[in-house]
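Under the numbering used here, the first residue of the sequence shown is numbered 864, with each subsequent residue one higher.
For glycine and all other residues, C-beta sits at the position ideal for the given N, C-alpha and C.
Since the structure is predicted, the reported quantities are computational estimates derived from the model, not experimental observations.
This report refers to the structure that appears directly beneath it.
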Amino acid sequence: MLRLMRNATGGSAVKSCVRCLGSVVPDPNLKDFDVVNEPILTYRKNSEERKALQKALKATASKCEEVPIVIGGKEYKTDQVMHQVMPHDHQHKLAKFYYADKKLLEKAIKTAVEAQPKWDRVPFSERLKMWECAADLMAGKYRQELNSATMLGQAKTAIQAEIDSAAELIDFLRIHAYFLKECVKYQPISEDIKVTKNSMRYRGFDGFIAAVSPFNFTAIGGNLAYTPAMMGNAVLWKPSDTALLSNWRIFNIMREAGVPDGVVNFVPADGPVFGDTITASPHLAAINFTGSVPTFSRLWKQVGNNIEKYNNFPRLIGECGGKNFHFVHSSADVQSVVTSTIRSSFEYSGQKCSACSRMYVPESLWPKIKEGLISEVQKLKIGDVQDMSTFTSAVIDDKAFKRITGYIEHAKNSSNLEIIAGGTYSDSKGYFINPTIVQSKDPLDRIMTEEIFGPLLTIYVYKEADLSETMKLVNSSTQFALTGAVFGQDEEFINCAMEEFKMAAGNFYINDKSTGSVVGQQPFGGGRKSGTNDKAGGPHYILRWTSPQSIKETFVPLRDVNYPYMSE
Ligand code: NAD
């Protein structure tokens, strides 16, 4: 009956029918809107935000918060009790949490698989209202709860927390919602709407998605779990042990904003137990991973080995490590090289995946650059994140401390390497490593080619005559291709670098540092072993989380098997 009326009225009567089908477009209630990036607060002395942050820090530090496993809205605890400590004061416990075992993870899979079809029917307009509400809550009353958990739990300074757990997280929610709204505007060609209507609906996946997040960005955890959810998927979110509290706060805000039980299930777990359980399930539809190359490679292999088991071909999205470079040309502005490199290499103690870890400097500029770097690095204050004059703090945990100091010891023991600044460390109170600069005579020493993920920068000084050879070296000496920056005023050099480094970085900077990408402005991700380069924060990312369906609806009944030419 509805269909006949639509033929007669040109479609309006059918709207009431499509409204109940969440992902059918057009969703008449999906309004157009614009977005801007969330402003970054400055936390100057006596500012309102600074007072609010200090109050939140006190409250967060004053207790050890209990964090349960949540599956389908129900809370669980197991015998495997874990704690999150403050990296800069490792005797201070911040959160108590529990590892989900195999049985609980299987329960979470069942819950997610059952929740998905119902959630997929919720119209985009309603989902986006939840996302908007969550972003507003994060920008407003929960901003300092998120920042304080990120500062104390992950050892970020006030400004590093603000750009992560406030601005970037809010941007992911708002800007991916904006891209979703823009994306569904596209509809396939319908030549004559009275005869045939073609449409495309954006469904979630038939199964569940495993979101596995790293410690170093609170915002990444939120994005890995909730962008797939926004697209109609059901998710098992395994946060990192060392980002537990901030991630738990995101989960609660999303619940408050209306995300139904079972859509995202919060399941802290031992990494390999989680990986083994999800890759054994026939319902695995995708993995949204950010972390190291070995972990992602292990998951990929497990999926490959189990490929016959799955209902889908699981999509594997992984953003991994880097060995990011600053390449300096003799025409570069020295001061900008020095300040950009200090920030890129040592902010958040070099634990940004985009942090500069190797630098190439021409002989002619080396004396000035060396002097500038040493002078700046000596001024950096390393300490407790609650002290607002701190530049950076401790590294995340004992494993990181051991790995990074291992490279420092290697530098001390190698005749090709010379420590020109830093090189000292102590883990008596927190996992503190002083920003360290090494000069290497060998551009292929492992300190120049392996990801270290800590406050350690190595510099190779090249002869101007070897410029093109050295540029080739940048490209070929590591397995990574995440971020890279070139510094120079010479246009010919910049043009040459654009070609030479085309495949050496997914995010490329000219006369700017290799860190600091902003959602919607520099969509992020790298190639080669740095990941699948799906560019979170860009318009294409959401398409990785949908399985679109093309629909052709015909209003003129087919009456004749024969074609016209057959009767001529
Ligand atoms: P990690 O690989 O140790 O851990 C990442 C996550 O995987 C954690 O939640 C961990 O518990 C989990 N895990 C560990 N073993 C697992 C297994 N067998 N199966 C399933 N999950 C498992 O990485 P990390 O130390 O948390 O993060 C640092 C790494 O992340 C660095 O290499 C860094 O470059 C990278 N990173 C990349 C990006 C990017 O966008 N490219 C962003 C942030 C961090």
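Can you tell me whether residue i is helix, strand or coil according to DSSP?
i	result
Val1337	helix
Thr1255	strand
Arg869	Because Arg869 carries a pLDDT of 32, less than 50, the predicted location of this residue cannot be relied on, and the following value inherits that uncertainty. In this structure, Arg869 counts as helix in the three-state DSSP scheme.
Tyr1404	helix
Val1301	strand
Asn900	coil
Gly1181	strand
Leu884	Because Leu884 sits at a pLDDT of 45, beneath the cut-off of 50, its placement in the model cannot be relied upon, and the point is left open.
Pro980	helix
Pro1386	coil
Ile1052	coil
His1039	helix
Cys1219	strand
Arg1066	strand
Leu1319	strand
For a test of your reading of the model: does the CB of residue i fall under 6 Å from any non-hydrogen atom of the ligand NAD? Yes or no.
i	result
Thr1158	yes
Pro1077	yes
Gly1154	yes
Ser1278	no
Glu1182	yes
Gly1138	yes
Gly1400	no
Met1391	One point to set straight first is that residue 1391 is Arg, not Met, in the sequence displayed. No - the ligand NAD has no heavy atom lying nearer than 6 Å to the Cβ of Arg1391.
Phe1316	yes
Gly1394	yes
Ser1103	yes
Gly1383	no
Arg1161	yes
From this set, the options, which residue's C-alpha is nearest residue i's C-alpha?
i	options	result
Gly1394	Ile1180, Asp1261 and Pro1386	Ile1180
Met949	Glu928, Ser1278 and Val1337	Glu928
Leu1087	Ser1339, Asn1079 and Ala1073	Ala1073
Thr1081	Asn1010, Asn1425 and Ala1040	Asn1010
Trp1111	Arg1407, Tyr961 and Lys1172	Tyr961
Gln1241	Phe1254, Pro1230 and His1273	Phe1254
Asn1338	Asp983, Met1222, Lys992 and Ile1170	Met1222
Thr1312	Ile1232, Lys965, Pro1420 and Gly1185	Gly1185
Gly1084	Ala1399, Asn1168 and Ala1360	Ala1399
Val1058	Lys1415, Val1424, Tyr1428 and Met1429	Lys1415
Thr1142	Phe1159, Gln1007 and Pro1131	Phe1159
Glu1210	Glu1239, Pro1427 and Glu1226	Glu1239
Ile1170	Gln1007, Ala1148, Lys1275 and Thr1202	Ala1148
Cys1090	Thr1268, Asp1397 and Asn1425	Inspection of the sequence shows that residue 1090 is occupied by Thr rather than by Cys. It is Asp1397 whose Cα lies nearest to the Cα of Thr1090.
Leu1243	Ala1120, Thr1409 and Pro1298	Pro1298
Pro1131	Asp1104, Asn1151 and Phe1152	Asp1104
In angstroms, rounded to a whole number, what distance separates the CA positions of residue i and residue j?
i	j	result
Ala1002	Asp1250	23 Å
Thr1403	Val1382	Checking the displayed sequence, the identity of residue 1403 turns out to be His instead of Thr. Near 13 Å, if we compare the C-alpha coordinates of Val1382 and His1403.
Leu884	Val1047	Residue confidence for Leu884 is low, a pLDDT of 45 falling below 50, so the modelled location carries little weight; the figure read from the coordinates is stated next. For Leu884 and Val1047, the distance between alpha carbons rounds to 14 Å.
Val898	Val1197	37 Å
Glu995	Glu989	10 Å
Phe1188	Arg1266	20 Å
Gly1293	Asp1247	9 Å
Tyr1065	Lys1304	54 Å
Leu1000	Leu916	16 Å
Asp1027	Glu1327	39 Å
Val1301	Lys970	50 Å
Asn1096	Ser1413	18 Å
Met993	Ile1113	13 Å
Met1361	Asp983	43 Å
His1146	Trp1163	16 Å
His955	Leu1406	42 Å
Tyr1049	Asp1423	33 Å
Would you check if there are 3 or more beta carbon pairs closer than 8 Å linking the segment 1198-1217 to the segment 1254-1265?
-> yes
Meets three-Cβ-pair contact criterion under 8 Å: the segment 1121-1130 and the segment 976-988 = yes
Report yes or no: do three or more beta-carbon pairs, one from the segment 1348-1364 and one from the segment 1310-1327, lie closer than 8 Å?
-> no
Report yes or no: do the segment 1335-1348 and the segment 1365-1376 share at least 3 C-beta pairs separated by less than 8 Å?
-> yes
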